């Protein structure tokens, strides 16, 4: 019986790298970030609702969502963020659910890659939760380097989520990413072997 795994972590903990590695082991990934972009793409019902709710300024000259305008709007008006989420989240869930069912019907183990899995209380929608773990200081360093942020900005982004230590305590399994990519790959491989995923994939 194929399983549904919720993969999460904190910002800059290395979750995307783990997703890529899992694809190589035969898992199918359903990515919340990709579904979020799909939900508001040009010509979608989601974008139409956003235009109706937030006005023409919400759409840029190319007929796509004006991310800069909407980003500033929801950042400065938390109540508008709730309105936007109420439009986008149901569509995202629908898209992810369709993909998940499609892969499960084909007999694949499915990884639901959801950055805010605990924040949005989605842990009961999966069979087990895997958290990619690194220290808060490494998160901040990686974020500063990756997004060209000041330490203050990077720290604010890290602290805006549930702490990685708390997420690790809530998870079924923790994938250690305190070292380099090779160590991460070895740690993931150990988990897959221990849980019997690798042998079932190779059979």
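In the numbering used here, the protein residues as written are 83 to 285.
Note that the Cβ used here is the ideal one computed from N, Cα and C, for glycine as well.
Note that the coordinates shown come from a computational prediction; the quantities given were computed from them, not determined experimentally.
Problem set entry | Length at least 3, wholly inside the stretch 128-205: the beta strand (DSSP E) runs in chain order | 192-195
Exercise. Is the stretch 217-235 in contact with the stretch 113-120, if contact means three or more CB pairs nearer than 8 Å?
Worked result: no
Exercise. Using DSSP with H/G/I as helix, E/B as strand and the rest coil, what is residue 287?
Worked result: Past the edges of the chain, shown from 83 to 285, lies residue 287, and the structure says nothing about it.
For this session: Please list the segments of the alpha helix (DSSP H) lying wholly inside the stretch 252-285, counting only runs of 4 or more residues, in order along the chain.
Result: 263-276, 279-284
Exercise. Assuming residue 106 and residue 228 make a contact with CB atoms under 8 Å, what is their CB distance in whole Å?
Worked result: 23 Å between Cβ atoms; not a contact.
For this session: Determine the extent of the beta strand (DSSP E) in which residue 113 is found, giving its start and end residues.
Result: 110-113
Exercise. What residues are listed by DSSP as bridge partners for residue 211?
Worked result: 88
Exercise. Is there at least one Cβ from chain D nearer than 7 Å to residue 164's Cβ?
Worked result: Within the model displayed, chain D is absent; a lone protein chain is all it includes.
For this session: Rounded to whole angstroms, what's the CA-CA distance from residue 198 to residue 279? Just pull it up for me.
Result: 25 Å
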